[in-house]
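Q: Sequential numbering of the sequence shown, starting at 3, is according to my numbering.
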Amino acid sequence: DGFRLPGKRLIVDTIGWLVIGTNRYRHLAYRCLETIRANYNGALASRFVLFTDQPRECPHPWVDTIRVRHEPFPGISLQRYRHFHRNAERLAASTYLFYVDADMEFVDVGDEILGKRVVVTHPAFVNTPAVECPFDRNPHCRAAIPMDHQGPYFQNCFQGGERGEFLRMSSRLARRIRADVRDGVMALWHDESHMNRYMLEHPPTRMLHPGYAFPDWWQGFPYPRRIIGVKKSNQELRAD
Ligand code: GAL
3 DGFRLPGKRL IVDTIGWLVI GTNRYRHLAY RCLETIRANY NGALASRFVL
53 FTDQPRECPH PWVDTIRVRH EPFPGISLQR YRHFHRNAER LAASTYLFYV
103 DADMEFVDVG DEILGKRVVV THPAFVNTPA VECPFDRNPH CRAAIPMDHQ
153 GPYFQNCFQG GERGEFLRMS SRLARRIRAD VRDGVMALWH DESHMNRYML
203 EHPPTRMLHP GYAFPDWWQG FPYPRRIIGV KKSNQELRAD
């Protein structure tokens, strides 16, 4: 998807793939990035960015590393938007930014994912009435969603969009999450709750089906496997 300016070199749009892998999640993150590299088959160039506490350990020379501090779950997940916001300058070269959970693997992904604000519907709540979806309902929380909201409920394991949009969302959510923490409030599903709230205010321009968040061990789930969640032991991974 490049275009040529007269006398200039080819300019190619780039997707920046953002993965966080600190502590024990490191190895999952390397694997995740390998599968993105192998199975993203769209036309854009890729840039791979790993947020990690041990940047020198990364075995892949094609991955850019950004050092972040490890925090036990859910801190590390909750801080993602702050990491993106703080490193906005280092992400500025990408046309699109997509965040992928370290325990996901790409199977078959192309440029159908591109859009201004892109989310994936949560596989566990495809046919769940919105009132029963796990939106945050605590009026003291900045992620709270009114009962009359019609959904759907989105999972935050895969999300992205145009760089400017994604970074604007990251900066807003980083601020809200910090304010919540200062007030001693924790959203029901952490950063996922805040993302759902943001999407109520700024509706997604592309909603991907839950085959982009397919739990690998689910049998008979009627969606094509585009991105799978691999089974992991949260107990072991989140031990420290
Ligand atoms: C789980 C998932 C969590 C969160 C939750 C919402 O299946 O592992 O990350 O999305 O659903 O209920």
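Heads up, the beta-carbon is just placed ideally off N, CA and C, and yes, glycines get one too.
Starting from Glu107, follow its DSSP beta bridges and name the residues at the other end.
A: The residue you call residue 107 lines up with position 105 of the sequence shown. For Glu107, which the question treats as bridged, DSSP gives the partners Ile230.
Q: So, do the segment 206-215 and the segment 120-130 have three or more beta carbon pairs nearer to each other than 8 Å?
A: Touching, yes.
Q: Between Thr37 and chain C, is the shortest Cβ-Cβ distance under 8 Å, so that the two count as touching?
A: You won't find chain C in this structure, because it holds only one protein chain.
Q: So, is Val65 buried or exposed, given that buried needs 16 or more other C-beta atoms within 10 angstroms?
A: What you label residue 65 is simply residue 63 of the sequence shown in a count that begins at 1. That one is buried.
Q: Using the C-alpha atoms, what's the distance from His87 back to Glu59?
A: For this step, residue 59 is matched to residue 57 along the sequence shown. For this step, residue 87 is matched to residue 85 along the sequence shown. Roughly 24 Å separates the two Cα atoms.
Q: Ignore the nearest five residues each way along the sequence and tell me which others in Ala94's own chain have a CB closer than 8 Å to its CB.
A: For this step, residue 94 is matched to residue 92 along the sequence shown. Result list for Ala94: Arg165, in chain order.
Q: Take Gln152 and list the residues in its own chain whose beta-carbon comes closer than 7 Å to its own, dropping the five residues that flank it on each side.
A: Translated into positions along the sequence shown, residue 152 becomes position 150. Cβ within range, chain order: Ala132.
Q: Any chance the segment 176-194 sits against the segment 94-109, with 3 or more Cβ pairs inside 8 Å?
A: Not touching, per the Cβ criterion.
Q: Can you tell me which of the three DSSP states Met149 falls into?
A: The residue given as residue 149 occupies position 147 in the sequence shown. If DSSP states are grouped into helix, strand and coil, Met149 belongs with coil.
Q: For the beta strand (DSSP E) that contains Gln1, what are its first and last residues?
A: The requested residue 1 is not part of the displayed model; the chain covers only 3 to 242.
Q: Among Ile38, Cys143 and Phe127, whose alpha-carbon lies nearest the alpha-carbon of Pro136?
A: By 1-based counting over the sequence shown, the position of residue 136 is 134. Measuring from the Cα of Pro136, the nearest candidate turns out to be Phe127.
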